[in-house]
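Step one of this worksheet: look at the structure below.
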Amino acid sequence: MLMERLIMGDVQETTGNEETSHIPVMLNEVIKYLDPKPGNIVVDGTLGLGGHAEVILKLIGSKGRLIGIDRDAQALAMASKNLSAYQDQCDFIHENYSNIDKVLAKLNIRHVDRVLLDLGLSSFQLNDPQRGFSFRAEGPLDMRMDQDSYISAFDLVNSLSEREISTILKDFGQERWHHRIARYVVQSRLKKPIETTKELSDIVLRAMPRQSRREKIHPATRAFQAFRIAVNRELEGLEEALEKCLDALKVGGRIAVVAFHSLEDRVVKQKFRKWSQSGELDLIVKKPLRPSEGEARFNPRARSARLRIAERI
Ligand SMILES: C[S@@+](CC[C@H](N)C(=O)[O-])C[C@H]1O[C@@H](n2cnc3c(N)ncnc32)[C@H](O)[C@@H]1O
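Residue 241 in our numbering sits at position 241 of the sequence shown, and the numbers go up by one each step.
See the structure below:
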């Protein structure tokens, strides 16, 4: 109960300002099962705006240390502001979490007590039209989480072959109309490059048969997810990261992963299952935890979340 109040208090504090806010997903469950203890060294590999991290910092106390990693420099700058009260205990690292081994080596840390990966995007990234993640607002076709990286959605959409685009849509978006959409994309860019989120979303819509445009979700949802995963190489990075996290965890250390679509959850599920069978991990929850009805109503972003937690043995 005390924990619950502490956590709800933090949610309110960190959601005051629309521009720099992100409601941490499944916060109570993450904290309950990750169970950070005073003095722990914790890696938050997806620091975002520091919502989960702030509660973790309260629990690890002044002797604890938080290594906050994010590949988005803008997120890191905001997190460092949000967590300014804990500056002395935090390292803010602009990196891909798949380089967790290099990050820890640089900090001279061999093993850590806890790792959190809360995958996907922060609300501020999704809501900023200039970042190009959303089909709801017109913006450049960007979708890079790390703005220093070279390849954007514009590059993929305008230079890959029809077959490559079709494969991305099928593999990363599970998009039934992948052939048709890829054909429309390639035909459309013959006239002029596809430059904005609105242009891409309109092409996806035109490519779909009329009856498929009447789904509950926006018809461009899967295509945008697919290009975003491809631009940021999300699934390859996750596999590599999980292997390195396992190496980094102390015996008795815990890892929590929040996934937002079945493709990334499948990667986590398969890795955890393999390591549980080989006696390297103990599954703290056998099936992924889902957000409560209340949370899903209050924060629609949480609806698709699945949380898996395991302990190093
Ligand atoms: C869902 S948000 C995390 C929100 C955070 N837990 C909070 O409460 O504020 C995911 C964050 O992870 C970052 N991210 C995604 N993939 C990453 C990767 N491979 N390496 C580092 N950061 C990544 C994104 O830039 C984003 O800021």
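Every residue gets a Cβ at the ideal spot worked out from N, C-alpha and C, and that includes glycine. Note that the structure is a prediction, hence the values are computed from the model and not measured.
Asked: By Cβ distance, which residues of its chain are closer than 6 Å to D70, with the 5 residues on each side in sequence left out?; Found: L47, L76
Asked: Between A305 and M26, how many whole angstroms is the CB-CB distance? I'm expecting something under 8 Å.; Found: 6 Å
Asked: If you pair each beta-carbon of the stretch 219-232 with each one of the stretch 170-181, do three or more pairs fall below 8 Å?; Found: yes
Asked: Sorry if obvious, but does the Cβ on Y97 come closer than 7 Å to a heavy atom of ligand 1?; Found: yes
Asked: Check whether the stretch 34-45 touches the stretch 56-65, counting contact only when three or more Cβ pairs, one atom from each stretch, lie closer than 8 Å.; Found: yes
Asked: Check for me: the beta strand (DSSP E) holding L47 runs from which residue to which?; Found: Where L47 is concerned, there is no enclosing beta strand (DSSP E), given that its DSSP letter is neither H nor E.
Asked: Can you tell me which of E264, H179, Q74, G64 puts its alpha carbon nearest to the alpha carbon of V204?; Found: H179
Asked: Can you give me the C-alpha to C-alpha distance between E275 and S188, rounded to a whole angstrom?; Found: A small correction: the amino acid at residue 275 is Trp; Glu does not occupy that position in the sequence shown. Using only the alpha carbons, I get a separation of about 47 Å.
Asked: Could you tell me the distance, in whole angstroms, from the CA atom of G50 to the CA atom of R301?; Found: 17 Å
Asked: My parser needs the alpha helix (DSSP H) runs of 4 or more residues fully inside the stretch 221-275; what are they?; Found: 221-232, 234-248
Asked: Determine the direct distance from the alpha carbon of S161 to that of T167, and round the result to whole angstroms.; Found: 10 Å
Asked: Could you check how far apart the C-beta atoms of Q130 and G139 are, in whole angstroms? I think they sit under 8 Å.; Found: 5 Å
Asked: For F133, which of helix, strand or coil comes out of DSSP?; Found: coil
Asked: Which word fits D113, buried or exposed, when buried means at least 16 other C-beta atoms lie within 10 angstroms of its C-beta?; Found: buried
Asked: Can you give me the C-alpha to C-alpha distance between I217 and F135, rounded to a whole angstrom?; Found: 12 Å
Asked: Closer than 7 Å to a non-hydrogen atom of ligand 1 - does that hold for the CB of A137?; Found: no
Asked: Please report the straight-line C-alpha distance between R233 and G252, rounded to a whole angstrom.; Found: 31 Å
Asked: Are there 16 or more other CB atoms within 10 angstroms of the CB of S149, so buried, or fewer, so exposed?; Found: exposed
Asked: Where does I67 sit, in a helix, a strand or coil, going by DSSP?; Found: strand
Asked: For the candidate residues F272, V185, E164, G120, whose alpha-carbon lies nearest to that of K235?; Found: Note that residue 235 is Leu in the sequence shown here, rather than Lys. Among F272, V185, E164, G120, the Cα nearest to that of L235 belongs to G120.
Asked: Which residue or residues does DSSP assign as beta-bridge partners of D118?; Found: V258
Asked: Less than 6 Å between C-beta atoms, sequence neighbours within five positions excluded: which residues of the same chain meet that for I93?; Found: I69, V103
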